[in-house]
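Numbering (this note's numbering), first residue to last: 328 to 703. Ideal Cβ placement from N, Cα and C applies to all residues, glycine included.
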Amino acid sequence: MQHRRDHRIDLLRGLALAMIFVNHVPGTIWENLTSRNFGFSDAAEGFVLMSGIATGLAFGPAFLRPGGWADRLRPWRRARVLWAVHVAVCVAILTAFALTQGHPAVAAMSEARNIAPVLDAPWPYLAGVALLSHQFAYADILPLYVLLMLAAPGLLALAVRWPRALMAGSLALWLTVGLARQTLPTWPGPNGWFFNPMAWQVLFVAGILTGLALRQGRRWLPVRPWAVRASWVFLAVAAVWVQVPAVAAAGGHLLWMAHEYLGAPAVLTAFDKGHLFLPRLLHILALAYALSAWPALHRLAAHPRAETLTMLGRHSLPVFAFGTLLAYGAQVTKAVLPPSVWLDSALIAAGLAALVWVARWREGQARPRRAVAPAE
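Shown next as structure tokens:
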């Protein structure tokens, strides 16, 4: 099963990583240019969907041919690496806040980001960090990814044998937990996971099915002209909805009336990110479908000028981890210094430049790989 690396995935994942970094430095003018200002979903949904696609591409072949489970459990090794990176990032964040906790702005930020409990009572909160059950704001997506990778062997096995049943079961689980507003509990604090794994798995499963199909030289969803047009229309409506306050108010009122008077559940009418409610889910799926059917995206991803973004996407794990630390550093800097557009611009520009440096360094360090090897 020969397969040439799909640079579209690297390009879009690199773009998502850049936008995640910008969004994780809140309060700058540059966050107005990220995708969340032009639709219902944001870069996080795209990142999880593309991670599922990469999982299907990289680990799917072991399930498409006869063989034992030793090769099929490779996603667990990936989960172990993700866990180690997440813990290292959290330790670095804790160290930085412990050294600067004396500043009132930093102390307030540590409370808002769920860091203060660990500084005040290291035990049992450090154990909670290691167990992924105590999470910091803006550093809480890797725990979701760890659980999804632990589930990946089972999902891949089901995707090969019963793909439609897997997608139906995934949607049923998404709807059930959305109706119940149920997520995994945190410990020791009495909260819950912000990124609900039982809801976000639906994007990962959709990505796995897409990646498996690509690995076999086909599409999971065929291109239908009417479906492509409907997707672009929905994306345009969502963009106008988000950008025009009057449209947002009218649309929000209609959804509220459907909820209050027609009994439509909130999972279908609200925009909750943690539980991935329907408008957000539909938006990212429509965007992915429309882009996958756009022929120009192939040429754009292969263009030399897009190499920087595709390189970021090829090395997503170190770029994301380092970007999380840089974003926290930028947040602290903004908190202790007077507000300034120039300061915001310098922080964003320096951070993005540093992420490109990390990707270039990783590119130089990486040994030659097969085109289907999992991106880092």
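Residue i versus residue j - alpha carbon distance
i: A686; j: R542; result: 25 Å
i: T651; j: V349; result: 10 Å
i: L539; j: S378; result: 12 Å
i: G500; j: C417; result: Note on residue identity: the sequence assigns Leu, not Gly, to residue 500. Looking at the two C-alpha atoms, the distance is approximately 30 Å.
i: V504; j: H602; result: 8 Å
i: R488; j: G481; result: 11 Å
i: L636; j: A628; result: 9 Å
i: L421; j: Y472; result: 21 Å
i: G354; j: D369; result: 17 Å
i: G640; j: R340; result: 5 Å
i: A533; j: A633; result: 26 Å
i: L498; j: V529; result: 6 Å
i: P524; j: P665; result: 38 Å
i: G579; j: D398; result: 49 Å
i: P490; j: L469; result: 26 Å
Close beta carbons around residue i, own chain, < 8 Å, minus the five adjacent residues each side
i: V555; result: Y616, A617 and A620
i: V414; result: V456 and A457
i: V683; result: T635, M638 and L639
i: M494; result: V532, A533 and L536
i: Q570; result: N364 and F365
Close beta carbons around residue i, own chain, < 6 Å, minus the five adjacent residues each side
i: G691; result: none
i: H334; result: A628, A629 and T637
i: L475; result: F531
i: A591; result: A585
i: W410; result: V473
Cβ neighbours of residue i in the same chain (closer than 7 Å, five flanking residues each side left out)
i: L477; result: W403 and A406
i: R607; result: F367, S368, E372, F598 and K600
i: A613; result: S558, F561 and L562
i: P301; result: Any answer about residue 301 is impossible in this case: the structure gives the chain only from 328 up to 703.
Cutoff 9 Å: residue i Cβ touching any chain B Cβ
i: R687; result: Absent here is chain B; the protein component of the structure consists of one chain.
For residue j and residue i, believed in contact at Cβ under 8 Å, the rounded distance
i: L366; j: A557; result: In the sequence as presented, Leu is not what sits at residue 366; that position holds Gly. That belief does not hold up - the Cβ atoms of G366 and A557 are roughly 15 Å apart, past 8 Å.
i: Y452; j: Y655; result: Going by Cβ atoms, the distance from Y452 to Y655 rounds to 18 Å, so no, they are not a contact pair.
i: V412; j: A648; result: 5 Å
i: A657; j: L674; result: 4 Å
Task: Inter-stretch contact (C-beta, 8 Å, three-pair minimum) for the region 446-463 and the region 354-369 - done: These segments do not touch.
Open item on the list: Restricting to runs no shorter than 4 residues, where is the alpha helix (DSSP H) found entirely within the region 339-402?
Closed with: Here the runs fully enclosed are 370-386, 388-391 and 396-399.
- [ ] List in chain order: all unbroken alpha helix (DSSP H) runs of 4+ residues lying wholly within the region 549-631.
- [x] 552-570, 572-588, 593-596, 605-619 and 623-629, all fully within the region 549-631.
TODO: Identify every run of the alpha helix (DSSP H) within the region 474-513, keeping only runs that are complete inside it and at least 4 residues long; order them along the chain.
DONE: Counting only unbroken stretches of 4 or more residues, the alpha helix (DSSP H) elements lying wholly within the region 474-513 are 490-507, in sequence order.
Open item on the list: Ignoring anything shorter than 4 residues, give me the alpha helix (DSSP H) runs that lie fully in the region 638-678, in order along the chain.
Closed with: Runs of the alpha helix (DSSP H) inside the region 638-678: 643-663.
Task: 4-residue-minimum alpha helix (DSSP H) runs that sit fully inside the region 414-484, ordered along the chain - done: Taking 4 residues as the minimum length, the alpha helix (DSSP H) runs contained wholly in the region 414-484 are 431-439, 443-447 and 449-457, in order along the chain.
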